[in-house]
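Chains as they are written, first to last, in this note's numbering: chain P, 1 to 580; chain Z, 1001 to 1704; chain G, 2001 to 2193. Backbone N, C-alpha and C define an ideal beta-carbon position, used for all residues, glycine too.
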Amino acid sequence: MTLNGWLQIALFFGLILACTKPMGLFMTTVMEGRKNWLTRALSPLERFLYRICGIDSTVEQRWTQYAVSLLMFSLVSALLLYLMQRMQQMLPFNPQHFGAMTPDLSFNNAASFVTNTNWQAYTPEATMSYLVQMTGLTMHNFASAAAGLGIALALVRGFARQSADTIGNFWVDLIRATLYILLPLSIVGALFLCSQGVIQNLHPYTVATTLEGAKQTIGQGPVASQEAIKMIGTNGGGFFNANSAHPFENPTPLTNFVEMFFIFLIPAGLTYTFGKMIRDMRQGWALFAAMSVLFLAGVVTAYHFEQSGTPLLARNGIELAATDAQSGGNMEGKETRFGIANSALFATATTDASCGAVNAMHDSFTPLGGLVPLFNIELGEVVFGGVGAGLYGMLMFAILAVFIAGLMVGRTPEYLGKKIEQKEVKMAMLALLVLASSILLFSGTTSVIQFAKNSYWNAPGPAIASLTNSGPHGLSEILYAYTSATGNNGSAFAGLNANTPWFNITIGLAALVGRFLMIIPLLAVAGSLAKKRQVPVSAGTFPTHGPLFVSLLVGVVVIVGALTFFPALSLGPIVEHLLM
Amino acid sequence: MPTLVAPEIETPAADAQFLAKGKRARKLFDAAIVRRALTDSFVKLNPATLYKNPVMFVVEVGAAVTTILLIRDAVQKTSGFGFDLQIWLWLWFTVLFANFAEAMAEGRGKAQADNLRKTKTESMARRLLSGGATETVPASMLRKNDIVLCNAGETIPGDGDVVEGIASVDESVITGESAPVIRESGGDRSGVTGGTKVLSDWVKIKIVSNPGETFLDRMIALVEGAQRQKTPNEIALNIMIAGLTLIFLLAVVTLAPFASYSVTSVGSGYMPSIIVLVSLLVCLIPTTIGGLLSAIGIAGMDRVMQHNVLAMSGKAVEAAGDVNTLLLDKTGTITLGNREAVEFICAEGVSEAELADGAQLSSLADETPEGRSIVVLAKQKYGLRGREVADHEATFIPFSAQTRMSGVDLDGRRIRKGATDSVRQYVEHQGGRFPSQVLEATEKISRSGGTPLVVSEDSRVLGVIHLKDIVKGGMKERFAQMRVMGIRTVMITGDNPLTAAAIAAEAGVDDFLAQATPKDKLDLIKKEQSSGRLVAMTGDGTNDAPALAQADVGVAMNTGTMAAKEAGNMVDLDSNPTKLIEIVAIGKQLLITRGSLTTFSIANDVAKYFAIIPAMFQLTYPALGRLNIMHLHSPQSAILAAVIFNALIIIALVPLALRGVRYRPLSAGALLRRNLLIYGLGGIVAPFPGIWAIDRLLGLAGLA
Amino acid sequence: MLQQIKTAVLITIVLTVLTGIIYPLAITALSQVLFPSQANGSLIVSNGKVIGSELLGQNFAKPEYFHPRPSAAGTGYEATSSGGSNLGPTSPDLSKRLGADAAAFHKDNPQQTGPLPSDLITASASGLDPDISPASARVQIARVAQARGISPQQMESLVGADVQGRQLGILGEPRVNVLKLNLDIDRQYPLKR
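In structure tokens, the structure reads:
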């Protein structure tokens, strides 16, 4: 581990810290519909969109209506994507003349993008037309992030309001988040990325003749526009198979830095928005602090193990110590321009958030280095987290933490002045249970299921034939796949060849379950909280700011995650490390 | 000012031990209760009732599965039978231990209920007929609104209010207090309880409850826990631990395919047996809190009972822990029931000795505490001894509502003492002059929270006696502690705002409500509640009933009217308004105990993983042995030690569950830090040496 | 409910047009004007023929060129199937591959002893990594210099000139773009045919 590596990590974290407040303030004004410096330019467009969609922006929704709107929109937009994939051969902007995608793959991809997962079971540059990439996928990149933001805001409103029936208007949240936050950032981001070398065109692929005379087909396409929103919206679905490791998606260390910055920009800012909306900044910073602790712990662990490398590398004569002229450590599946520090940092950030873009192949990480991204997702991606999803996930854990430990101060537990009672606990447990069951049941089934000859589902024989690796690492690949899908992350231990109906359908289902069965209980919590009266703060109130609560929250997140997944992890990455 | 004559009140010591043992305290492990609890532990195995406790139900199902497998193994004579047998035994013990904890908690209540039942004998009542005659009917025939006559030596046949007469009543059946109490018609001492006994005189009572619904009946039902309903926090906690149970169920069930994958992939070792998986499951699910949860709730109610308070529901006790605002009556709660003379202020030209002499003379026959305190002050300050007035020609003038003065006519001197206005009128009527300096002195006393009594001799004003409300010792410290706990105290008094403010400042309450009418009280409660606060109060009069009903915790005094007792959700059988503070502490203790054991239970799991996971896969992945940080000596003993620890910890924590976690009045932050350290961190650490020790013992005993 | 469906359909269309059509096309137009070279793939054209992209690695196997890292993209540097090997850290296949590559390297570069730079025989994430570390370039100097018939010192200074430092002095790792280095070599020390 090098000084320069630590400096880059410190610089990254410092920049996030510095931007949290301005970003948070800006998002507060946007989501509360107040005037900001973009209002003059964008409000006519906003009003126009309301008018043509028949939305009354002054009417708010109860949590049930909010949930129905979300589900309806997700259903309709996912259906559109599904159809586009099935009919891409008939649609324009398809210079490579790719044929229709299979039904199961199209389902998987539609489920994956509508849920902000962006798991890709295919090589996009060899499968998907420009139209589907830019129109189908990019639109979902915006919409799923905007929806996540709206849901987080709805939950925050639940805390901020009292004796209220409504928690906001989904359509208004969706449009405001897209128009004022995601679009402007993406435009700036896309142009910046393009200036560094990220491509943006509609040309057919270029065929080059290499210096040694071989042919190389160079993929083209509208990448920068998708790349920016893919990071800003914590979507993570790449234009190319190698995702942010691909030089056309992430050509320089600077683009890499900016892409990582984009992952955390909105989620970190949301902690401030949260504090602002409940009128207690300390609460927002407490969440920020808890997230920071988990983030830094993850980075340090990943960096340490990746730099340490493996005995296997050492046996083959590879230098593991970093020197001025080479990175050392485990460079399998990593890019030279990023080295160890940036790869560990990216892997941590992309799984702390529900982004899932990768600049290095997690599958080739050292066992414990790879455990960091896996475990990050299993914790529910609450470390800054996905756009909106991180905040609402962390708030769910805060509710649980307050409930478990809050009784210990001798009062009915309260969080932010709201009593945490039956309904909140029930819904938080439900969300937790959904997460655990989707990951464990799908992984468990997949690790033993066998298919008959001529089965529709998969090639005959065991499902684990799809694994690149065997032994404990193979189990890690399966676990990672369903963890990533359920957590709506989308990154992969990519050795798993998952483009079969069995994997496409189960992973698609896991993504849907992980998104909607988590969101609906949380919206119910929002509705229930909004109705409650605020209990005034006194010395008898459980203090939910300050180091004690931060440690408690971190402890609950880690212990709940560890207790749920330790048995499975012990047979995967942990034993692999011990065997190494 | 309405004076509330409170019975004997023990002054709390400065370092008030909040949770001192109440009158009804019993030994924690009473032999009779333990015997009954042992039997009940087996009765409670019935799945039809056990299913209400999801955690223990899962353990029972696991134990049942183990039983079937054990029988199969016994028939097939497979190896490892000894290990399976021990696991089987300890799984059933786990369920039994949890049942035992609950049975112990219930047993204490049942014992109490039995005692009460014994006193509930069928009595006869003399019902008044229209026209004045009486008929004798069994008490069970009485209905609401019947009027009955009770003479000395008779048992009062039912709950009611005295409508005529006055009598001394022995209420020891209910309160445990043998000193008789006075019950009379009108006012706030009219309530009588069925089953108590008239000792002297007679009363006519209007019956207010039908048979079977009497106070005594309800009391029996409550202490027995017959209609115990789960409290809101308990339900929420139950949901959480049920949820955790499901999560662990998932983790363990899916471990089977993962293990199968691993065994196939590595090609060595074997799948963990179902008995081992069940053991892991039982160790992981929160059996500690699951087993003790209902015991904690029952014990909390019991603790309230031990303080001689009857809580109508567990919800009320829980709410007491949540209280933000305490409304306390000044008289009897904050101040001693009576005032004390503290100073003599002379009129111009009158010597202190003269004033003291006059004051003492006027009070010699005054048997009120105030009068006595004047005599005592004169004696202490001026060495004036009480004189035998019989030698003189003395006529005592008692206090009357008309004159609002009392005094003595002695050897031609007419000495009077009384309220400023009355004495002024009296003096001026006789041609005397009321000095302005005395008037100023009286006003000053009023402002400081005291009561001025002016003393006059004939037409001359001698001076003023300063009577002061005496704040009970230690109250200021208590209120300071309440403040630390985040509870606001509000003093309720009929005094004028000036006096009230002075006393409030002296007692250290946060706020006061002066010249309070019952309606003011009700409005205050509603106002507090509308800003999200929970309010507790005490009351005894009929006009307190609406406020008692409105308050989240309304403690009615047993001496009070039936209406008040009906309206509140607790009855203090000692009629000690200060006890509200202790009730709050008990409520908090109940919640803290639940939270602490939950945290402890979940934290325990960490160590169990380190014991069981390496043991399960010892053959498949010997490398996992590096996780065996406790160095348990064999896979069998590791699993067994974890299961045994898991069972024994329930029994070990029964006393804590029944007694409650020690509570100190601290701020929430300090409490949380302390409890998180003890039960959170302690919960992570404690099982490591525990499991290690059991493993050694198993090794030494050759059991595994 | 019907109203909700209607709104959902309308908003899907609106957002698709706005974010799926207007946004990418506007970005395309802007970037084609502002950054035409970058937007089209930073292509290197020589004699009117595209010989590659400066951002994408390509295969070099001949001794007179510096070799890039092993590539798992298709059969090696196939730009339409980017990706890594995805071999796990304890994979026997990885061990086999590393062993073979290390042996091949030592055979091609017999002068080279001591540990290998960590990026030299490990496959990159994209399979299209255009760079190698300066150390990985240096261990090949002797071979390339010999094949080109020049002194190692000459080659050393050429490589030194092509080393890109950390961006902005801090970001990323020092590296050498293999295609650019090989182009520079061809230009300065053309092969005598």
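8 Å Cβ cutoff met for residue i and residue j
{"i": "tyrosine 480 (chain P)", "j": "phenylalanine 442 (chain P)", "result": "no"}
{"i": "arginine 1339 (chain Z)", "j": "aspartate 1469 (chain Z)", "result": "yes"}
{"i": "asparagine 330 (chain P)", "j": "phenylalanine 346 (chain P)", "result": "no"}
{"i": "glycine 1595 (chain Z)", "j": "methionine 408 (chain P)", "result": "yes"}
{"i": "leucine 191 (chain P)", "j": "leucine 2030 (chain G)", "result": "yes"}
{"i": "glycine 1191 (chain Z)", "j": "leucine 1216 (chain Z)", "result": "no"}
{"i": "alanine 1536 (chain Z)", "j": "aspartate 1520 (chain Z)", "result": "no"}
{"i": "lysine 1476 (chain Z)", "j": "glycine 1508 (chain Z)", "result": "yes"}
{"i": "serine 1168 (chain Z)", "j": "isoleucine 1182 (chain Z)", "result": "yes"}
{"i": "isoleucine 151 (chain P)", "j": "leucine 522 (chain P)", "result": "yes"}
{"i": "alanine 428 (chain P)", "j": "leucine 400 (chain P)", "result": "yes"}
{"i": "phenylalanine 2035 (chain G)", "j": "serine 195 (chain P)", "result": "yes"}
{"i": "threonine 252 (chain P)", "j": "alanine 145 (chain P)", "result": "no"}
{"i": "aspartate 2129 (chain G)", "j": "proline 2174 (chain G)", "result": "no"}
{"i": "methionine 1570 (chain Z)", "j": "alanine 1316 (chain Z)", "result": "yes"}
{"i": "isoleucine 1649 (chain Z)", "j": "threonine 1245 (chain Z)", "result": "no"}
Contact belief for residue i with residue j at Cβ below 8 Å, rounded distance in angstroms
{"i": "lysine 1588 (chain Z)", "j": "glycine 410 (chain P)", "result": "3 Å"}
{"i": "alanine 1603 (chain Z)", "j": "glycine 1486 (chain Z)", "result": "About 27 Å; that fails the 8 Å criterion."}
{"i": "isoleucine 2132 (chain G)", "j": "threonine 336 (chain P)", "result": "6 Å"}
{"i": "tyrosine 1261 (chain Z)", "j": "leucine 1619 (chain Z)", "result": "In fact, because the Cβ distance is near 15 Å, the residues do not count as touching under 8 Å."}
{"i": "valine 2139 (chain G)", "j": "glutamine 2112 (chain G)", "result": "5 Å"}
{"i": "glycine 2127 (chain G)", "j": "glycine 2088 (chain G)", "result": "Actually they are not in contact, since the Cβ atoms of glycine 2127 (chain G) and glycine 2088 (chain G) sit about 17 Å apart, beyond 8 Å."}
Proximity to residue i [Cα-Cα], best of the options
{"i": "alanine 116 (chain P)", "options": "P:Leu571, P:Gly487 and P:Cys19", "result": "Per the sequence presented here, residue 116 (chain P) reads as asparagine, with alanine not at that position. For asparagine 116 (chain P), the nearest C-alpha among the options comes from P:Gly487."}
{"i": "threonine 2010 (chain G)", "options": "P:Ile167, P:Trp171 and P:Thr138", "result": "The identity of residue 2010 (chain G) in the sequence shown is leucine, whereas the question assumes threonine. Out of P:Ile167, P:Trp171 and P:Thr138, P:Trp171 has the C-alpha closest to the C-alpha of leucine 2010 (chain G)."}
{"i": "glycine 168 (chain P)", "options": "P:Arg86, P:Tyr180, P:Ser195 and P:Glu60", "result": "P:Glu60"}
{"i": "asparagine 36 (chain P)", "options": "P:Tyr180, P:Tyr50, P:Met84 and P:Met87", "result": "P:Tyr180"}
{"i": "valine 2144 (chain G)", "options": "G:Tyr2189, G:Ile2170 and G:Ser2118", "result": "G:Tyr2189"}
{"i": "glutamate 378 (chain P)", "options": "Z:Ala1251, Z:Arg1674, Z:Ser1041 and Z:Asp1302", "result": "Z:Ala1251"}
{"i": "proline 573 (chain P)", "options": "P:Met291, P:Phe375, P:Thr544 and P:Phe12", "result": "P:Phe375"}
{"i": "arginine 1126 (chain Z)", "options": "Z:Glu1154, Z:Gly1349 and Z:Gly1109", "result": "Z:Glu1154"}
{"i": "glutamate 1582 (chain Z)", "options": "Z:Arg1478, Z:Met1141, Z:His1633 and Z:Gln1430", "result": "Z:Arg1478"}
{"i": "isoleucine 2013 (chain G)", "options": "P:His97, P:Tyr456 and P:Ile175", "result": "P:Ile175"}
Residues near residue i by beta carbon distance below 6 Å, same chain, minus five either side
{"i": "asparagine 1151 (chain Z)", "result": "Trp1202"}
{"i": "alanine 1037 (chain Z)", "result": "Phe1100, Ala1103, Met1104 and Gly1107"}
{"i": "lysine 1579 (chain Z)", "result": "Asp1572"}
{"i": "alanine 1020 (chain Z)", "result": "Its pLDDT being 42, under 50, alanine 1020 (chain Z) is placed unreliably in this model, and the value from its coordinates should be taken loosely. Contacts found: none."}
{"i": "leucine 1377 (chain Z)", "result": "Ala1341"}
Spatial neighbours of residue i in its chain, beta-carbon cut-off 7 Å, leaving aside the 5 residues before and after
{"i": "asparagine 250 (chain P)", "result": "Ser244, Asn256, Glu259 and Asn359"}
{"i": "glycine 1022 (chain Z)", "result": "Reliability fails at glycine 1022 (chain Z), whose pLDDT of 47 lies under 50, so the model's placement of it is uncertain and the value that follows must be treated cautiously. Excluding residues within five positions, the ones whose Cβ falls inside 7 Å are Gln1306, His1307 and Asn1308."}
{"i": "glycine 339 (chain P)", "result": "Ser327"}
{"i": "arginine 1460 (chain Z)", "result": "Gly1432"}
| request: Please go through the region 2007-2072 of chain G and give each complete beta strand (DSSP E) segment of 3 or more residues, from N-terminal end onward. | output: 2043-2046 and 2049-2053
| said: If we require 4 or more residues per run, which alpha helix (DSSP H) segments fall completely within the region 1441-1521 of chain Z? | reply: 1475-1484 and 1497-1507
| task | Could you name each continuous beta strand (DSSP E) segment of 3 residues or more that falls completely within the region 1286-1360 of chain Z, going from the start of the chain to the end? | result | 1309-1311, 1325-1329 and 1335-1346
| said: Threshold first: 4 residues or longer. Then list the alpha helix (DSSP H) segments lying entirely within the region 131-193 of chain P, N to C. | reply: 138-160 and 170-176
| Where are the beta strand (DSSP E) runs, 3 residues long or more, that stay fully inside the region 1054-1132 of chain Z, in chain order? | 1124-1128
| said: Give the list of continuous beta strand (DSSP E) stretches no shorter than 3 residues that lie fully inside the region 1177-1251 of chain Z. | reply: 1181-1184 and 1197-1207
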